[in-house]
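Peer 1: Offset between the sequence shown (1-based) and this note's numbering: plus 58.
What follows is a structure written as structure tokens; I'll ask about it next.
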Amino acid sequence: MKIGFIGLGNMGAPMAANLAKAGHEVTGFDMAPVEVAGVTRAASAAEAARGADVVVTMLPNGQILRAVAAEVIPAMTAGAALVDCSTVDVDSARAVAADAEAAGLLPVDAPVSGGIGGAAAGTLTFMAGGSEAAFDKARPLFDIMGQKAVHCGDAGAGQAAKICNNMILGVTMIATCEAFALADKLGLDRQKMFDVVSTSSGYSWTMNAYCPAPGVGPQSPADNGYKPGFAAELMLKDLRLSQQAAGSADADTPMGQLAEALYARFVEDEDGKGMDFSAMLPRFEKRGRS
Ligand code: NAD
Numbered sequence: 059m060k061i062g063f064i065g066l067g068n069m070g071a072p073m074a075a076n077l078a079k080a081g082h083e084v085t086g087f088d089m090a091p092v093e094v095a096g097v098t099r100a101a102s103a104a105e106a107a108r109g110a111d112v113v114v115t116m117l118p119n120g121q122i123l124r125a126v127a128a129e130v131i132p133a134m135t136a137g138a139a140l141v142d143c144s145t146v147d148v149d150s151a152r153a154v155a156a157d158a159e160a161a162g163l164l165p166v167d168a169p170v171s172g173g174i175g176g177a178a179a180g181t182l183t184f185m186a187g188g189s190e191a192a193f194d195k196a197r198p199l200f201d202i203m204g205q206k207a208v209h210c211g212d213a214g215a216g217q218a219a220k221i222c223n224n225m226i227l228g229v230t231m232i233a234t235c236e237a238f239a240l241a242d243k244l245g246l247d248r249q250k251m252f253d254v255v256s257t258s259s260g261y262s263w264t265m266n267a268y269c270p271a272p273g274v275g276p277q278s279p280a281d282n283g284y285k286p287g288f289a290a291e292l293m294l295k296d297l298r299l300s301q302q303a304a305g306s307a308d309a310d311t312p313m314g315q316l317a318e319a320l321y322a323r324f325v326e327d328e329d330g331k332g333m334d335f336s337a338m339l340p341r342f343e344k345r346g347r348s
């Protein structure tokens, strides 16, 4: 297939490289002068999109996605697919999908889970929103860039799944960290805490697979000085998207709201910037009740 790839950053570059490695003809564009193995550089987003069977975007946010889509959609050929893999707000995903559909294109919002490691290894999980035909057109590319693709529903459903998942993740990480900090103050050994909770009703992905306490459970960023991993500021971005969506949908999400406020304080006023999102544990440890 002829593929246009726009946004060759930490995630986009290895994803585009994997598509090229699999034998597709990939033309890429990024604002920054990035070179990616096997990918031909275009002079603009429109040039990368012209004549492509599929255009993939991997961009920082919804505002940039809307601007890029406005340039790319008129350059694309009817029947081609526009696959956005960025994490953006549901409203932007739906607005871009509506414009693409009006131009006879097949839009898919397909944010990913799996991080930079998953992008490089081709083991991402895609959560996709769009028509059956659009999903089918994008699926062969999902199979190269990832190990699983779930068709979640119509336009915006992929972004909805992503931010709901990450809202659970943020809330659960905070709960796990504050419980460890309490256990410490109660004199409970951390390994014993892990042994009990990881096999009891308090178990979760944050406890069992990504334990925030160093030296306990499987290897995680806590064992590497809380170097990300998944940065606290990316968690904050996703929590903000969840609260923006909750506002538009009139949904009551008090725990998500609190998690957003805590990560905002951690990243903006404390020392969380540049740290893994599990560094909430040393943060709680330093604090008392008031
Ligand atoms: P990044 O900042 O490394 O890459 C974004 C790229 O987009 C940059 O290279 C930038 O130059 C380019 N760009 C910005 N504006 C542009 C424009 N108008 N035209 C063309 N290119 C433009 O970010 P990333 O880590 O690759 O993340 C990309 C998306 O994936 C984000 O939405 C992020 O939330 C999501 N995501 C990231 C991770 C992760 O672990 N990094 C995991 C899951 C999802």
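Just so you know, even glycine gets a beta-carbon here, dropped at the ideal spot from N, CA and C.
Under 8 Å by Cβ, that's how I've got ALA191 and LEU164 pegged, so tell me the actual separation to the nearest angstrom.
Peer 2: The residue given as residue 191 occupies position 133 in the sequence shown. The residue given as residue 164 occupies position 106 in the sequence shown. About 6 Å separates the two Cβ atoms, so the contact holds.
Peer 1: Just the Cα atoms here: how many angstroms apart are GLY260 and ALA317?
Peer 2: The residue given as residue 260 occupies position 202 in the sequence shown. The residue given as residue 317 occupies position 259 in the sequence shown. Whole-angstrom Cα-Cα distance: 18 Å.
Peer 1: Heavy atom of the ligand NAD less than 7 Å from the Cβ of LYS331, yes or no?
Peer 2: Taking the first residue of the sequence shown as position 1, residue 331 is located at position 273. No.
Peer 1: How is CYS269 classed by DSSP in three states: helix, strand or coil?
Peer 2: For the purposes of this step, residue 269 is identified with residue 211 of the sequence shown, where counting begins at 1. Coil, per DSSP.
Peer 1: Compute every distance between the C-beta of VAL84 and the non-hydrogen atoms of the ligand NAD, then say whether any falls below 7 Å.
Peer 2: In the sequence shown, residue 84 corresponds to position 26, counting from 1. Flag unset: Cβ of VAL84 not near the ligand NAD.
Peer 1: In the DSSP assignment, find the beta strand (DSSP E) that holds CYS210 and state where it starts and stops.
Peer 2: By 1-based counting over the sequence shown, the position of residue 210 is 152. Per DSSP, CYS210 belongs to the beta strand (DSSP E) from 204-211.
Peer 1: If I follow the unbroken alpha helix (DSSP H) through PRO72, where does it start and stop?
Peer 2: Numbered from 1 along the sequence shown, position 14 holds the residue referred to as residue 72. Here the alpha helix (DSSP H) through PRO72 covers 70-79.
Peer 1: Go ahead and pull the three-state DSSP assignment for ASP142.
Peer 2: In the sequence shown, the residue the question calls residue 142 occupies position 84. ASP142: strand per DSSP, three-state reduction.
Peer 1: Looking only at C-alpha atoms, which of ARG108, ALA100, ARG341 sits nearest to ASP327?
Peer 2: The sequence position of residue 327 within the sequence shown is 269, counting from 1. Measuring from the Cα of ASP327, the nearest candidate turns out to be ARG341.
Peer 1: Report buried or exposed for ASN76, applying the criterion of at least 16 other Cβ atoms within 10 angstroms of its Cβ.
Peer 2: Your numbering for residue 76 matches position 18 in the sequence shown. Result: buried.
Peer 1: Between which residues of its own chain and ALA95 is the CB-CB distance below 6 Å, once the five residues before and five after are set aside?
Peer 2: Locating residue 95 in the sequence shown gives position 37, counting from the first residue. Cβ neighbours of ALA95 within its own chain (closer than 6 Å, five residues either side excluded): ALA75.
Peer 1: Can you tell which of LYS206, ASP201, THR85, ALA337 has its C-alpha closest to the C-alpha of THR183?
Peer 2: As a first step, residue 183 is located in the sequence shown; it is residue number 125 there, counting from the start. The shortest C-alpha separation from THR183 is found at LYS206.
Peer 1: Would you say the beta carbon of SER144 comes nearer than 7 Å to a heavy atom of the ligand NAD?
Peer 2: The residue labelled residue 144 in the question sits at position 86 within the sequence shown. Within the cutoff, so yes.
Peer 1: Verify whether the separation of the beta carbon atoms of LYS220 and THR98 is less than 8 Å.
Peer 2: For the purposes of this step, residue 220 is taken as residue 162 along the sequence shown, with counting starting at 1. For the purposes of this step, residue 98 is taken as residue 40 along the sequence shown, with counting starting at 1. The answer is no: Cβ separation not under 8 Å.
Peer 1: In chain order, what residues of the same chain have a beta carbon less than 7 Å from the beta carbon of ALA101, not counting five sequence neighbours either side?
Peer 2: Residue 101 sits at position 43 when you count from the first residue of the sequence shown. So no residue of the chain qualifies.
Peer 1: Quick one: using the 10 Å Cβ neighbour count with 16 as the cut-off for buried, is LEU244 buried or exposed?
Peer 2: Translated into the one-based positions of the sequence shown, residue 244 becomes position 186. Exposed: under 16 other Cβ atoms inside 10 Å.
Peer 1: Between the Cα of ASP334 and the Cα atoms of THR257, PRO286, VAL208, which residue gives the shortest distance?
Peer 2: As a working mapping, residue 334 is identified with position 276 in the sequence shown. Selected option, being the one with the closest Cα: PRO286.
Peer 1: Provide the residue(s) that pair with LEU164 in DSSP beta bridges, ordered along the chain.
Peer 2: By 1-based counting over the sequence shown, the position of residue 164 is 106. Per DSSP, ALA139.
Peer 1: Going by the CB atoms, is the gap between VAL114 and LYS195 shorter than 8 Å?
Peer 2: Indexing the sequence shown from 1 puts residue 195 at position 137. Indexing the sequence shown from 1 puts residue 114 at position 56. Going by C-beta atoms, LYS195 is not nearer than 8 Å to VAL114.
Peer 1: What is the DSSP secondary structure of GLU83, counted as helix, strand or coil?
Peer 2: Counting from 1 along the sequence shown, the entry for residue 83 is found at position 25. DSSP places GLU83 in the strand class (E or B) of the three-state scheme.
Peer 1: Can you tell me whether THR234 is buried or exposed, with buried defined as 16 or more other CB within 10 angstroms of its CB?
Peer 2: Reading the sequence shown from its first residue, position 176 is the one you call residue 234. With 16 or more other Cβ atoms within 10 Å, it is buried.
Peer 1: Any idea if MET89 is buried or exposed, counting beta-carbon neighbours within 10 angstroms, 16 or more meaning buried?
Peer 2: By one-based count along the sequence shown, residue 89 stands at place 31. Exposed.
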